[in-house]
Structure formats: structure tokens, C-alpha cells
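Enquirer: Sharing a structure, written as C-alpha cells. Questions coming.
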Amino acid sequence: MKKLNIILSIIFATIFIINGCRKDSDSEPDGTSIDNSSAQKATIVGRVLNEINEPVKGVSISAYGQTTQTDLDGLFVLKNIGVNKDRCIVHFAKAGFFNRAHAFIPTINSVNYLKIVLTSNAQTHSLSSTVGGTISLPDQSSVQFQPNSFVTSVGTPYNGIVNIALKHLSPDDPNFGFIIPGGDLAARDASDKEVILYSYGMLGVQLTGSGGESLQLASGTTAILNVPIAASQISTSPSTLPLWYFDETISLWKEQGIATKVGNKYVGTVSHFSFWNCDFQGPRAGISGRVIDCNGNAVPNAWVYTSTQGHGMTDQNGMYTGEVLASFPCTISANCGSNSQVINIPSLSVGQVYEVPDLIVPCTILIVNTPVIYSKVNGTLKSCSGQNTNGLVTISDGNDFFIYQFINDGNFSFNVPPSTQLTLNVVGYDANYQALINSPAGSDSLDLGDIALCDPNNTGENWFVLNGGGFNNKLFVIDTTFTDNIFSASTYCYVEGANHETGIPAYLALYFNGTTIGSNSGYLNIDVDGTLGSTYDLQSGFGVPIFEVVRYGNVGGRIAVLFNSKLANAAGDSLQVSGKINIARRQ
């Protein structure tokens, strides 16, 4: 399989927060409510990954009263939701990871893209609450705890084993800009002035008791942090820096304390825990611009980054906005499989907004570090009425190449590796679509034409035909009252309802291995008269029926399976059953 390598260069000199500026105000939205004076509509689409860039399924995502979850590919859509136009905040949560908030400036009435990297909160250490002690990571990050310094969330002294998750975030990590709590490094200093930060490293600490209860430091006690300085920053690291903690209630960093440089670390004292950050701060200037390809076409969902810690993504029109530290020149570039040219941003005055010249990415992608001219895949999404419709389109080679866009107007065009077998998947609101395609050679285009995202019976078609055992081509169509499915190593689909002719309760259940379209086998169970356990309850052995999985959508989409198999009822009669199940995928 061809390997796609995305090359990122990060040189730390100043700070740029793409889609990260915010209005001056006395209070900040917390991401769960809307300031009605500034509420606007926007669509937010993104992908959630872990620290080794694998997709994370089942992440709970919330913003302004709307919720969703990521699918198998880590993708999510919050469609046309009300947002605060000055600073939109999205929250991410999943067991096994630190909670994450991400703030950005939304492009109103448009599709906004996010890339989020979650960090594991797996236990790294434990110690006795009465003894305390020092815990450390191999990279020399450490925390020193006093004896008898722990309390529960309601302030009750805690005695017992303290379980600790310690996480160091280094600015030398290529994913640093996508990991940062809050996303935009927006902060308030000790005088409550709004500033932007430049980080020299962060430590996250999560404390739990033996029963899983949350713990904190007791009032009047402290702990000592040691934060390693990144190799790229040693020569520029100041002798002292303010300490900042992340306030999850408003998704902002707040100044509290001082960190002192001791050797290759910053050492500071803290009185409570969340994520702590060693930073200097400064006044802000703004920038905006556009990313285009070599033919002048807008490039949505492209990574944009500067010679510092700021990362972000372009919207559906290839546009981005952001902030830089005033009076500090820096550079900016973009990446969507290949890097754009690098553009210099001059020293800007406080409050100035600079229009960056277009960032142009070449008409190539990098395959095994070699630029290769891409080919194109085009198509149009159609509704049941034949009109252009919207949907989330992904194309993958099953290995390292994965791209996605939310298509608003029905028309899509993707740059893809040439002469490669790809999986095309579309998640629509009426139906889903999945197919294997072969991209053309060189710079040629493959036009897929119209793709119908249409299920005329949106509740699904669930039926079967029996022959034998007293049945002669007998059709049972289930008017559905309940559908469910369970995703694990295998898939279980269940339909409960009534025969539409007789009104007699009936159900149809099947269980099969795998999660992709194609031939399969598994377990089939049918009840035709509502009397479970009767001679008409038909059940196969595992592996006997032949299933053809014709649709396996993402969460919220549909699973559709055709089957044709021989079964036996309780009396030993041999029957032939054929039919279809088509239900919503729930997990």
C-alpha cells in the first residue's frame, strides 16, 4: 500500500493562533450557552485522534446545547448550530482521556473544520496520601506532593491511595498545536487583561482516590512542578516565567504564580490541579488569508500553521483567521498532503489586522516522501427528489491516506493518490453510500456522476420470504416499532414489529461478523407469529446463512443486509428464507 507522509515543520519564534481570536469582554462564554447578541449559525466538522494519530470512536462532543459522537473514523458533524460568533467553544469527552475544550472563531453560515488530539489520562503513578512523595516521568517531568495534602471534591480530608495521571505536553511534539487545552492559548493575566500565550511546556495532573473519586490539594497545601524545557527552546528560555492554569469553566488560561528556570527545567509551586502552563504573554495583532491550489481553487480543511505553536484549519472556502503576537515577525504555511510556500508576516502593531497573500499548495501529494501529481475524484450528491444535497464524504486507501469534507452544495472534488484503490463513503441524512473505486493515473479525473442518497422508506425496509414447512413463497413485511444494533467484534441487528398484513407481532434478528460491505455469514433468527418458542421460530447455526452487507454506514447512518439461507424450525422442517434488513446504526 502506498504511504502518504505529511511533513510538518515547526520552528518556535512567536505565536499564531489560527481561528483563535476573541472579543474583549468582562465574561467569556463557557461553550454550553449562547450570547444571544452574537449568536450565529455555523456547521462544525472535525476528526478526533489519539496521541499516535489513530481515530477515536465514541467521543462525546457538545457545543451550545447540541451533542454528537465520533464515528469509527473519529469524524463528527454539528450541523447548522447556533454559536457565539466571537469565540466558539466545543467540548470533547471520553473515558480514558483528559477532557478537552477547543475554541476558535467560527466562519458564519459555513463549514468549519477542526482537528483534535486527545491525551490519555491513564494512571501513571500512585502514592500514599499520608506519606506524599515525588512522581516523575522518563522525560524528567515531576510533581512533589506533601503528606496529608489531599481532599475530596467536597473538601473532606482523604486518607488512602492516591492514583495519579501525569501528562507532559512538549512544544516539540508535532501535534502540540492540536493538543493544547482550550485550543487557542487565550488567557487572562493577573490583572484580568486578555493576552495570548507562548508556551514553554505544560503539565496535566489528575488525582483520583481508590474508589475513583476526584481529589484535589487541600487548602493551604501546595505541590512543586518540574516542567522540562523543550530542546528547541533551551537557548531562548527566560530565567522566569508566569505560571498559568487552565480554567475549564470558561476555557481560558489564568495566571497564577511564577516558574523559575533551574537547569533544563522550569520549577514552580501550585495549590490546585488541572493543566499548568509555563508561558510568556503579549499583546495581539490579527491576520487572515486563504489557501488555494495551483489552479486557483480554494482548499478547505487544510492545516495552516506558523513558525510557532499555532495550528488551525481552513473553512469550506479555504479561508482562515487568527492572531499573532504584535511586534514579532513570523512565517506562515499550509499543508493538505503537500506543503505550500512559506510567507513572511512582518512585525505588526497592536490591534492591526494583516491580510496574508494567498498560500498556494502544489498540485502534488507526498507518497513515500516523493511529490506525485494527484488525480481527481468528482461526484454529485443527490436527494430522493433529485436535488443536490449535503453529506459528509470521506475517501481512504485503508492505510495512511484519509481525507474528508462536508459537502454543502452536493458537488465534491478530491485530490487523491493516482492509480490506487480507494474506499468512498458518504454519510447523508436520508441514506448512506459506500463503494470501492480506483483512482485514475496521473492527473486524470474520475467522474462518479450522481450519487443517490435516498432511502424512500426512511424507517427502513425489513422483510423476509419463507418457502417450505407449510409456507409457499409467503412474504412477511415488518412494520417497525423498534430497531437496534450493537457494534462490537461482530454486528447484531434487531427489528421488532408486526406483520403488516395480519398485525401479528414478528421480529427479525441477525448477527454477523465484520463491519464492511460484502459477503458475510452469521446467525439468523425469525419469529413469524409472536409466540416465542413456537414451531415457527426459525433459527440457524452460526456461520450457516449467507449475508450480503450492502450498506454499513457510520453511526447515525444505516445498515442494510440481504440474506438467503436454509433454516430449520423446531419440528425439523427445512425452510428457505430470503429477505432484507435495513435499520439505523446506533453505535
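For the sequence shown, this note's numbering gives the first residue as 1184, with consecutive numbering after it.
C-beta atoms are modelled at their ideal positions from N, C-alpha and C, and glycine is treated no differently.
Quick caveat: nothing in here was measured; it's all calculated off a predicted structure.
1. Out of curiosity, what's the CA-to-CA distance linking Phe1275 and Thr1563?
2. Excluding the 5 residues flanking Gln1389 on each side, which residues of the same chain have their C-beta closer than 6 Å to its C-beta?
3. Should Ile1412 go down as buried or exposed, given a rule of 16 or more other Cβ atoms within 10 Å for buried?
4. Within its chain, find whatever has a CB closer than 6 Å to the CB of Leu1542; leave out the 5 residues flanking it on each side and keep chain order.
5. What's the call for Thr1250, buried or exposed, on a 16-neighbour Cβ count within 10 Å?
6. Taking its Cβ as the centre, do 16 or more other Cβ atoms sit within 10 Å of Gly1569, making it buried, or is it exposed?
7. Given a threshold of 16 other Cβ atoms within 10 Å of its Cβ, counted over all protein chains shown, does Val1711 qualify as buried or as exposed?
8. Excluding five sequence neighbours on each side, which residues of the same chain lie with their C-beta closer than 7 Å to the C-beta of Gln1759?
9. Taking the alpha-carbon positions, what's the Ala1624 to Thr1547 distance?
10. Looking only at its own chain, which residues have a Cβ that is under 8 Å from the Cβ of Asp1592, when we skip the five neighbours before and after it?
11. Could you give the DSSP three-state label for Phe1597: helix, strand or coil?
12. Report all residues from its chain with a CB closer than 6 Å to the CB of Ser1510; omit the five preceding and five following residues, and keep chain order.
13. Given that a residue counts as buried once 16 or more other Cβ atoms are within 10 Å of its Cβ, and exposed if not, what is Leu1619?
14. Assuming Val1266 contacts Ala1284 (C-beta within less than 8 Å), just tell me the rounded distance between them.
15. In this structure, does DSSP put Gln1249 in helix, strand or coil?
16. Report all residues from its chain with a CB closer than 8 Å to the CB of Gly1279; omit the five preceding and five following residues, and keep chain order.
17. For the 8 Å Cβ check, are there 3 or more pairs between the region 1342 to 1357 and the region 1421 to 1435?
18. Could you say which of Thr1226, Glu1234, Ile1742 lies nearest to Val1260 if we only look at CA atoms?
19. If you follow the alpha helix (DSSP H) that Ile1362 is in, where does it begin and where does it stop?
20. Nearest CA to the CA of Tyr1706: which residue from Gly1384, Thr1699, Thr1674?
21. Can you check which of these residues, Leu1320, Val1576, Gln1416, is closest to Leu1386 by C-alpha distance?
22. Which first and last residues belong to the beta strand (DSSP E) in which Ala1509 is found?
23. Name the DSSP beta bridge partners of Lys1277, please?
Expert: Let me spell this out:
1. Thr1563 has its alpha-carbon roughly 32 Å from the corresponding atom of Phe1275.
2. Asn1304, Ala1348
3. Around the beta carbon of Ile1412, 16 or more other beta carbons lie within 10 angstroms, which makes this residue buried.
4. Val1474, Ala1517, Ser1523
5. exposed
6. exposed
7. Around the beta carbon of Val1711, 16 or more other beta carbons lie within 10 angstroms, which makes this residue buried.
8. Around Gln1759: Asn1650, Gly1651, Lys1749.
9. Whole-angstrom Cα-Cα distance: 13 Å.
10. Asn1571, Asn1573
11. strand
12. Ser1530
13. exposed
14. Val1266 to Ala1284, Cβ: 14 Å. No contact.
15. Strand at Gln1249.
16. Ser1303, Asn1304, Ala1305
17. no
18. Nearest to Val1260 by alpha-carbon distance, out of Thr1226, Glu1234, Ile1742, is Thr1226.
19. 1359 to 1362
20. Thr1674
21. Leu1320
22. Ala1509 -> no beta strand (DSSP E), and no H or E assigned at all.
23. The partner list for Lys1277 (beta bridge, DSSP) is empty, contrary to what the question assumes.
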